[in-house]
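Heads up, the thing below is written out as structure tokens.
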Amino acid sequence: MDYFHGYSVVGLVAVVGVLFVGVAFASGRLLRPVVPTPEKMLTYECGVDPVGGDWAHTQIRYYVYSFLYVIFAVDAIFLFPWATVFAAPGYGGATLVEMFVFIGFLAVGLLYAWKKGVLEWT
Amino acid sequence: MASLVQPVDWTALTPVIVPAALAVAVLVADLFLPQGRKPLLGWVTAAGLAAAALTVIPLRDGHRTTFCQPETGGGCSYAADHFTLVVQVLVLGGAALTALLSINTREKIPAGEYWFLLLSSAAGAALLPASRDLATLIVALEVTTLPAFALVGLRRDDRLAGEAALKFFLTSVTATAVSLLGISFVYAATGTLQLTAVAEGLTHTPDQLHTLARAGVALTLVGFAFKLAVAPFQFWVPDTYAGAPLPVAAYLSVVGKAAGFSGLILVTVVAFRPYAHVWGPAIGVLAALTMTVGNVGALRQRPDVPRGAVRLLAWSSIGQAGYLLVPMAAAGSADDPAHEIGTTVAYALMYAVVNLGAFAVVALVERTAPHSRLTDYRGLYASRPAAALALAFFLLCLAGLPPGVIGLFAKVAVFSSAVGAQHGWLAVIMAVNVVIALVYYLRWTALLFTAAPEPAVAADADTGAGAGAAAVRTPAGLGLAVAVTAVAGVALSGAPQLILRYAQGALL
């Protein structure tokens, strides 16, 4: 049971946190004057008047681009530890070839994306 | 300094590497082939899978292992023993037949991606029976199922396909998550992932870790039960099969099941051997439940619903999965589970041949009757005698009646394993289920030979006759698939010892 007593501190902190937020909001509500004007009711957008509607379109091609980028970023993470050891004694040619097999697979993916027209913006 | 690079026995790996390398080659070739030459890819895929199945011949002495860790005292992660080789032939042969079924499909499917996904999934299924540690097992299982989601949902403009893929995806991902949680518990309790070392570790877990180990074993098994569509986790099967392209449904019903049960065998018989007194009866109960749910579901299938033929085969595949589990339940109480495992493998081989055959005939009929209702099979013998006879033979094999001798003998082997393990109650439930299954298999068979109502209704409409005459031409891929499965089924019925010797031999 001693083990679970340790969690009572966590529970206490959570309760205090909820109380803090509740008290702060409630006291703010009670203390502030309410004088609305049309300017005050506008959506806050970095201090300048908001432009346009609330419905925005995003270019979906960007998703495929970022997806490809993530693949190559993950690939680079894999390359770094490999680069520190592949020339060390005991590893030899097989380690070098293995990494190029891996990069080869990625290159096939890039080739596929290119031939399918993913890399063309328009 | 000695080499730090692990030596790899590439010969032992050929049945896995051939489909994997071919998958990449097909994907690249698809990019550069002109539209007219694309059907070539299907034939290349089928031939490559058949060739991959043949590469087990040089390995047939069954002693090769690789990815071993001798310095840490661990076992090997890849073993090409007899169990592995038989299951590899099953999955690669099944995938090759699926490729043959898919060559002439009329469904709008992007060609290159289809063959790439099929080959990737087959490579995973070939790796699965060979894996001897839990990490390799899960990776292989995921390589098998991840491409299968995409294969199910590959028809873009079809809402049914999307729903089928989503159901399959959600259940499968849940299964994997549950399995991984269980495996992490087992790893925490035993400190190893090697299957044989896990078995040893489970015999002397520290006292305070007993609950953890038991929970881990249970969760791992639940995950695999999901994959094998064991009741109560079978609900996704009929919708997924009906929504998927027909060859993909055939693939899931044979190769997907083979992957599930070989993983379950490895986990139970090899890794969780010390808990055999727990999982043995549990698998027995699941087997009884699965076969009953599957057969009752098939019995309730109405003959006039669209895609009723595929739905019936889906329910029947759930029932057959129940039979596959019976020898594994018996293996829980056996001193040496080799016989029981062999019985499961033999039954799976029989089921793979005849079930793929049945799907091939359904694919053939679907070309003229796109709704694929059961009523569309009325009078098939009059219009296509060869296809009707083949389907009748496959259905009788599935039911276990002569002349489908191989189906009968495989069922007898399963019965004897249940009786031999003192699981008399399971044998009784199975007998009841076999009788239930007779009803719907024989009903379908009888439908093939009853007179077609067509001449009475549309005697004057010669357009129907013209369409029928044009469709009687059987495309090469489908014809080959029906012929191969029919010849294999007849050959096995003539010489059942070809596969039933596995029920005697030591596979693992």
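Same order as they appear, the protein sequences are chains A and B.
All the letters of the first sequence, read from the start, carry residue numbers 0 to 121 under numbering that gives the first Met the number 0.
All the letters of the second sequence, read from the start, carry residue numbers 0 to 507 under numbering that gives the first Met the number 0.
Even glycine gets a Cβ: it sits at the ideal position worked out from N, Cα and C.
Owing to the predicted nature of the structure, the values given are computational and were not obtained by experimental measurement.
C-alpha gap between residue i and residue j, whole angstroms
i, j, result
"B:A485", "B:I498", "16 Å"
"B:A464", "B:L285", "With a pLDDT of only 42 at B:A464, under the threshold of 50, the placement of this residue in the model should not be trusted, and no figure is reported."
"B:Y186", "B:C67", "19 Å"
"B:A215", "B:L194", "Note that residue 215 of chain B is Gly in the sequence shown here, rather than Ala. Taking the straight line joining both Cα atoms gives about 14 Å."
"B:R510", "B:W424", "It is not possible to answer for residue 510 of chain B, since the shown part of chain B is limited to 0 through 507."
"A:E119", "B:W314", "47 Å"
"B:Y376", "B:P369", "12 Å"
"B:A328", "B:F271", "13 Å"
"B:L245", "B:S371", "10 Å"
"B:A468", "B:T267", "Because B:A468 carries a pLDDT of 45, less than 50, the predicted location of this residue cannot be relied on, and the following value inherits that uncertainty. One C-alpha to the other measures close to 53 Å."
"A:R124", "A:V22", "There is no way to answer for residue 124 of chain A, as the model of chain A reaches only from 0 to 121."
"B:V512", "B:A79", "Lying outside 0 to 507, the shown extent of chain B, residue 512 of chain B is not represented and no answer is given."
"B:D461", "B:G318", "The predicted model places B:D461 with a pLDDT of 41, which falls under 50 and marks its position as unreliable; any figure quoted below should be read in that light. Between B:D461 and B:G318, the C-alpha separation is close to 42 Å."
"B:A455", "B:S382", "Confidence at B:A455 is low in this model, with a pLDDT of 45, below 50, so its placement is unreliable and the value that follows should be read with caution. Taking the straight line joining both Cα atoms gives about 15 Å."
"B:I102", "B:G341", "33 Å"
"B:A249", "B:A124", "15 Å"
"B:A457", "B:R301", "For B:A457, the predicted structure reports a pLDDT of 43, less than 50, and the residue's modelled location is therefore unreliable. The matter cannot be settled from this model."
Residue range of the alpha helix (DSSP H) that includes residue i
i, result
"B:C396", "P384 to A398"
"B:R158", "R158 to T189"
"A:D74", "R60 to V84"
"B:K107", "From DSSP, B:K107 is part of no alpha helix (DSSP H); its letter is neither H nor E."
"B:V434", "G423 to F448"
"B:Q503", "Q496 to Q503"
"B:K37", "Run containing B:K37: none; DSSP gives neither H nor E here."
"B:Y250", "L245 to Y250"
"B:Q5", "Premise fails: B:Q5 is in no alpha helix (DSSP H) and is neither H nor E."
"A:K39", "Looking at the DSSP string, A:K39 is not in any alpha helix (DSSP H), and its letter there is neither H nor E."
"B:I317", "G307 to A330"
"B:P237", "W235 to G242"
"B:F358", "A337 to E365"
Bounding residues of the beta strand (DSSP E) (the contiguous stretch that carries residue i)
i, result
"B:S76", "C75 to A79"
"B:T65", "R63 to C67"
Neighbourhood of residue i by C-beta distance below 6 Å, restricted to the same chain and skipping five residues each side
i, result
"B:L387", "Before going further, note that residue 387 of chain B is Ala rather than Leu in the sequence given. Cβ neighbours of B:A387 beyond the five flanking positions: L379, Y380 and L447."
"B:A19", "A122"
"B:K410", "G399"
"B:V177", "L218, V221 and G222"
"B:A297", "L311, W314, S315 and Y439"
"B:L437", "A398"
"B:A22", "F115, L118 and S119"
"B:D459", "Note on B:D459: pLDDT 42, under 50, position unreliable in the model; the coordinate value appears next. There are no such residues."
"B:T144", "S171"
"A:V117", "V63"
Residue from the options whose Cα sits closest to the Cα of residue i
i, options, result
"B:V269", "B:R306, B:L441, B:G200 and B:A320", "B:G200"
"B:A188", "B:L179, B:T204, B:T175 and B:G181", "B:T204"
"B:V433", "B:G293, B:A308 and B:R500", "B:G293"
"B:T10", "B:T239, B:V55, B:A450 and B:Q87", "B:V55"
"B:R213", "B:A198, B:A480 and B:A224", "B:A198"
"B:S415", "B:T143, B:T175, B:P326 and B:R442", "B:P326"
"B:Q233", "B:L208, B:I16, B:A174 and B:V4", "B:A174"
"B:H338", "B:A502, B:G152, B:L126 and B:R158", "B:A502"
"B:Q5", "A:F101, A:V107 and A:G92", "A:G92"
"B:T13", "B:V172, B:T374 and B:A129", "B:A129"
9 Å Cβ cut-off: residues of chain D touching residue i
i, result
"A:V107", "Structure shown: chain D not included; protein chains present are A and B."
Per-residue contacts from residue i into chain A (C-beta, under 7 Å)
i, result
"B:L3", "G89 and Y90"
Within chain B, the residues that residue i reaches when beta carbons sit closer than 8 Å
i, result
"A:L110", "V27 and L30"
Sequence-distant residues of the same chain with beta carbon closer than 7 Å to residue i, five excluded per side
i, result
"B:F260", "L227, L323, T343 and A347"
"B:I405", "M349, C396, G488, L491, S492 and P495"
"B:V253", "G93, A351, N354 and L355"
"B:D132", "S76, L192, Q193 and L194"
"B:P336", "V268 and A330"
"B:A166", "For clarity, residue 166 of chain B is Lys in the given sequence; the question names Ala instead. Around B:K166: W235, D238 and T239."
"B:L89", "A257, A347, L348 and A351"
"B:A385", "none"
"B:A224", "F232 and L285"
"B:V483", "L96"
"B:A110", "D29, K37 and L40"
"B:G283", "A328, H422 and L425"
"B:I108", "L153, R154 and P244"
"B:G419", "A329"
Residues that residue i contacts on chain B, provided the C-beta gap is smaller than 7 Å
i, result
"A:T94", "V4"
"A:K114", "L30"
Cβ-based neighbour list, residue i, same chain, cut-off 8 Å, excluding 5 preceding and 5 following
i, result
"B:E162", "D238 and G242"
"A:F85", "T94, L95 and M98"
"B:T104", "P244, L245, P246 and A362"
"A:W81", "T94 and M98"
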